[in-house]
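Have a look at the structure below before the remarks.
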């Protein structure tokens, strides 16, 4: 890839910035884009040569695969979130959700069951809910439950674990439990200033159409960039972590639970597919597999990047570790009761 | 990135998704089921690009009050990767790094007709490893997959099984013995005809079973349109 060097420190900072409308002083972004594309096309054979080693190739394949797999669901979520932002009046949510936040959290958590998709869709939708005045605790419960308890994902889980309906039930119960617990925890301890203020509001666009497409454009560019970042991290870890470590970890109960929880975060697999991967980890106990299924849709590298992009970094840095810990606890608890 | 550049990136990304979805390119990375969704999302992205350019047209120069963050530039990377490089489907490198994903089948379907019997890598491996080849009735079989050579040079015939996308692809391996071509190149696709042999080995990565196939003839074949085994788990 083309590597752009940073300007030497200090040279830019001292000079007064060019007036915003001065032409030619600053590289405009369309120009940079054209130059990047042109450079990449011209240098394609050296680039191909550098990427020709098997390790680099499999990195590229996994990177492209994660991005291509997630983009349709991201677009679906972005369309839904733009529709919520533009067509659904804020008063609708005020009427639909109980006014007491403590009650709104479980209602929003169960409402997650109607969003058919994976975690890439739920981040922009939850962002739109917050901007639409839904109490953050309820929107976060929705964010966490939607990717795990919708019918598509539960069906995939049932297919991956034939003859083990308790796995589907366990996934549903544990995910809902953890989502509600996180919602209530946010309501008790969360501070609004951790959340980034709404990135774009209703001011954009005079007409409904302009506002709708403006929201779609903004969310795709924004969440898409973070998705790419997450996909790069996931591909790197997939290429770097040897698979035989898992065999060693499977023997010890506590280690196996932690190992699969960390693996769920690192692999960043789409929640529609993670059940099949869990089923293939045959050396591990059912509880460890349940932990994998509960942690993965709630927090992984790709999601962390997207949450940081939508809700702000100071939010993601607090929210992600809490989700991780609670998800493990909830899944182990459910596993002890059900499995 | 200002709005014009965003429109260009959205348009190119949408176009790349439409192209990948309409051709076999997408099958290197995702399941065939995703293709309609890929094309639909590509169309939405192109529409978003056209809408952005349309609404931008009236306000030349005045409308860049809210430039998008730098992170948006990362979207250029998958675009370049898809258009310029189009990385190949996962091959022997990934196959040797992960253990065989063969699992005990719930039931074995009746053997298809034909002589030799056409079987998938997964189908032969599960009949050989978990049924001691009984359901093969001693008939010759024909299996297609790509070659992988371990560090000792032992040849395996592999097919990657896909659950969702290439990130979760897992190999299913058959060890080859018998009459093999003199020169074996990793990642080359072979159509192998042979017979069951009771020999079984263990995958060094996860201790999974790898059954042997005694090869009587092998011929190189082109890469199939869908390099992955999608029947897995369906």
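Residue numbers (our numbering), protein chains in the order written: chain F, 125 to 463; chain C, 45 to 278. Quick reminder that beta carbons are idealized off the backbone N, C-alpha and C, glycines included.
Counting along the chain, where does the beta strand (DSSP E) carrying residue i start and finish?
i, result
"residue 218 of chain C", "214-222"
"residue 86 of chain C", "Taken as a continuous stretch (DSSP letters only), residue 86 of chain C belongs to no beta strand (DSSP E), being part of the alpha helix (DSSP H) at 79-100."
"residue 377 of chain F", "Note, residue 377 of chain F: premise wrong, no beta strand (DSSP E); alpha helix (DSSP H) at 377-391."
"residue 234 of chain C", "233-246"
"residue 192 of chain C", "185-193"
"residue 262 of chain C", "253-264"
"residue 203 of chain C", "199-205"
Give the range of the alpha helix (DSSP H) segment to which residue i is assigned.
i, result
"residue 396 of chain F", "Counting along the chain, residue 396 of chain F falls outside any alpha helix (DSSP H), and DSSP gives it neither H nor E."
"residue 408 of chain F", "Counting along the chain, residue 408 of chain F falls outside any alpha helix (DSSP H), and DSSP gives it neither H nor E."
"residue 258 of chain F", "Residue 258 of chain F -> no alpha helix (DSSP H), and no H or E assigned at all."
"residue 170 of chain F", "168-174"
"residue 210 of chain F", "178-211"
"residue 140 of chain C", "136-141"
"residue 225 of chain F", "225-235"
"residue 163 of chain C", "First-last for residue 163 of chain C: 161-163, but that is the beta strand (DSSP E), not the alpha helix (DSSP H)."
"residue 362 of chain F", "332-364"
"residue 304 of chain F", "289-313"
"residue 430 of chain F", "425-435"
"residue 229 of chain C", "Looking at the DSSP string, residue 229 of chain C is not in any alpha helix (DSSP H), and its letter there is neither H nor E."
"residue 215 of chain F", "214-220"
"residue 56 of chain C", "47-66"
"residue 279 of chain F", "275-284"
"residue 154 of chain C", "Here residue 154 of chain C belongs to no alpha helix (DSSP H), and DSSP marks it neither H nor E."
"residue 123 of chain C", "120-124"
What does the Cβ neighbour count give for residue i, buried or exposed, with the cut at 16 atoms within 10 Å?
i, result
"residue 147 of chain F", "Any answer about residue 147 of chain F is weak, because its pLDDT of 44 lies below 50 and its placement is not dependable; what the coordinates show is given next. With fewer than 16 Cβ atoms within 10 Å of its Cβ, residue 147 of chain F is classed as exposed."
"residue 255 of chain F", "buried"
"residue 413 of chain F", "buried"
"residue 349 of chain F", "buried"
"residue 337 of chain F", "buried"
"residue 273 of chain C", "buried"
"residue 165 of chain F", "exposed"
"residue 369 of chain F", "exposed"
"residue 230 of chain F", "buried"
"residue 346 of chain F", "buried"
"residue 142 of chain C", "buried"
"residue 342 of chain F", "buried"
"residue 67 of chain C", "exposed"
"residue 203 of chain C", "buried"
"residue 183 of chain F", "buried"
"residue 245 of chain C", "exposed"
"residue 262 of chain C", "buried"
"residue 200 of chain F", "buried"
"residue 135 of chain F", "No answer about residue 135 of chain F holds up, because its pLDDT of 38 lies below 50 and its placement is not dependable."
Could you give the C-beta distance for residue i and residue j, rounded to a whole number, given that I count them as a contact under 8 Å?
i, j, result
"residue 454 of chain F", "residue 301 of chain F", "5 Å"
"residue 225 of chain F", "residue 259 of chain F", "5 Å"
"residue 309 of chain F", "residue 446 of chain F", "7 Å"
"residue 193 of chain C", "residue 201 of chain C", "So it is not a contact: roughly 11 Å between Cβ atoms."
"residue 399 of chain F", "residue 266 of chain F", "Not really, about 21 Å apart at Cβ, beyond 8 Å."
"residue 222 of chain C", "residue 267 of chain C", "Their Cβ separation, rounded to whole angstroms, is 24 Å, which puts residue 222 of chain C and residue 267 of chain C out of contact at 8 Å."
"residue 177 of chain C", "residue 256 of chain C", "Rounded, the Cβ-Cβ distance is 10 Å, inconsistent with contact."
"residue 297 of chain F", "residue 458 of chain F", "5 Å"
"residue 280 of chain F", "residue 211 of chain C", "The Cβ separation is near 16 Å, so there is no contact."
"residue 444 of chain F", "residue 428 of chain F", "5 Å"
"residue 390 of chain F", "residue 361 of chain F", "5 Å"
Does the beta carbon of residue i fall short of 7 Å from some heavy atom of the ligand ZN?
i, result
"residue 232 of chain C", "Annotation note on the ligand ZN: not contained in the displayed structure, which lists no ligands."
Near-chain C residues of the stretch 186-199 of chain F (beta-carbon distance less than 9 Å), N- to C-terminal order: 186, 187, 188, 189, 190, 191, 192, 193, 194, 195, 196, 197, 198, 199
Cβ contact check for the stretch 289-297 of chain F and the stretch 242-260 of chain F: 3 or more pairs under 8 Å: no
Where the stretch 424-440 of chain F meets chain C: residues whose CB sits under 9 Å from a CB there: 429, 433
Interface positions of the stretch 193-215 of chain C facing chain F (Cβ-Cβ less than 7 Å), listed along the chain: 207, 208, 209, 210, 211, 212, 214
Under 9 Å (Cβ pairs) to chain C, residues found in the stretch 278-291 of chain F: 280, 283, 284, 286, 287
Three or more C-beta pairs below 8 Å linking the stretch 79-90 of chain C and the stretch 112-132 of chain C: no
The stretch 134-141 of chain C in contact with the stretch 167-183 of chain F per 3-pair CB rule at 8 Å: yes
Contacting positions in the stretch 171-182 of chain F - beta carbon closer than 8 Å to chain C: 171, 172, 175, 178, 179, 181, 182
Three CB pairs or more closer than 8 Å across the stretch 162-173 of chain C and the stretch 383-397 of chain F: no
The stretch 145-152 of chain C contacting the stretch 90-100 of chain C, beta-carbon criterion three pairs below 8 Å: no
Cβ pair count under 8 Å reaching 3, the stretch 305-319 of chain F against the stretch 205-221 of chain F: no
Segment contact flag, the stretch 344-358 of chain F with the stretch 435-449 of chain F, C-beta cutoff 8 Å, min 3 pairs: no
Contact list for the stretch 151-169 of chain F against chain C, Cβ threshold 9 Å: 152, 153, 154, 155, 156, 157, 158, 160, 161, 164, 165, 168
Three or more C-beta pairs below 8 Å linking the stretch 270-283 of chain F and the stretch 414-428 of chain F: yes
Near-chain F residues of the stretch 145-171 of chain C (beta-carbon distance less than 8 Å), N- to C-terminal order: 145, 147, 150
Contact list for the stretch 339-356 of chain F against chain C, Cβ threshold 9 Å: 340, 341, 342, 344, 345, 346, 348, 349, 350, 351, 352, 353, 355, 356
Residues of the stretch 381-401 of chain F whose Cβ lies closer than 9 Å to any Cβ of chain C, in chain order: 391, 392, 393, 394, 396, 397, 398, 399, 400, 401
The stretch 120-131 of chain C: positions lying closer than 7 Å to chain F by Cβ: 120, 121, 122, 124, 125, 126, 128, 129, 131
Interfacial residues, the stretch 216-246 of chain C to chain F, with Cβ spacing under 9 Å: 230, 231
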